[in-house]
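Numbering (the working numbering), first residue to last: 72 to 173. Each residue gets a CB set at the ideal place from its N, CA and C atoms; glycine is no exception. Model, not experiment: these values are computed from the prediction.
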Amino acid sequence: MLKEHENRFKQKSFSINEIKYCDGKANPSIHYAGRFAAKEAIKKCFLSSELTDQMGLNEIEIISSKNGAPIVSAVGNYEYADLIVSISHESDYAIAVAILVI
Ligand SMILES: CC(C)(COP(=O)(O)OP(=O)(O)OC[C@H]1O[C@@H](n2cnc3c(N)ncnc32)[C@H](O)[C@@H]1OP(=O)(O)O)[C@@H](O)C(=O)NCCC(=O)NCCS
């Protein structure tokens, strides 16, 4: 998606902060892939908990704390107790896990 629709894809799925973060890295694609995986995992949490039946990836923003840990800084306007996300990546692969506590 980045190769074929770079700017459109970035703007549709990522916030300005996320774009700044990923583009500032030596290998931006893997950081985009990790955040994309995290956003899909978060979206699935919300869909399966039935808090909503639709969510755009651009409703979700993931920032990085000082030590590098990802933090969900925004996710629409829903009420929940906690939302935890973990991202890992290695060469061509990225994976993420999200836990939503309602
Ligand atoms: C915190 C730590 C686990 C992160 O490992 P890493 O190899 O950088 O992580 P990965 O490459 O798999 O994934 C990168 C993602 O980890 C996440 N991450 C980075 N630092 C993190 C932290 N302190 N806490 C939680 N998540 C973190 C980020 O989301 C990052 O992706 P992003 O920059 O695109 O947001 C690492 O710094 C560490 O301490 N590793 C242990 C090393 C060790 O003890 N080795 C023993 C060898 S015998």
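Roughly how many whole angstroms lie between the Cα atoms of residue i and residue j?
i: Arg173; j: Arg79; result: One point to set straight first is that residue 173 is Ile, not Arg, in the sequence displayed. Answer to the nearest angstrom: the Cα atoms are 33 Å apart.
i: Ile170; j: Lys74; result: 30 Å
i: Asn148; j: Ile101; result: 28 Å
i: Asn98; j: Leu128; result: 22 Å
Looking at ligand 1, does it come within less than 7 Å of residue i, judged from the CB to the closest heavy atom?
i: Ala145; result: no
i: Gly139; result: yes
i: Gly95; result: no
i: Ile158; result: yes
i: Ser84; result: no
i: Gly127; result: no
i: Ser111; result: The amino acid occupying residue 111 in the given sequence is Glu; Ser does not appear at that position. For ligand 1, not one heavy atom lies less than 7 Å from the Cβ of Glu111.
Around the C-beta of residue i, are 16 or more other C-beta atoms found within 10 angstroms, so that it is buried, or is it exposed?
i: Ala145; result: exposed
i: Ile142; result: exposed
Assuming the contact rule is C-beta atoms closer than 8 Å, residue i and residue j should be a hit. Round their C-beta distance to whole Å, please.
i: Glu89; j: Ile133; result: 6 Å
As an exercise, report each continuous alpha helix (DSSP H) stretch of at least 4 residues that is fully enclosed by the segment 94-151, in chain order.
99-119
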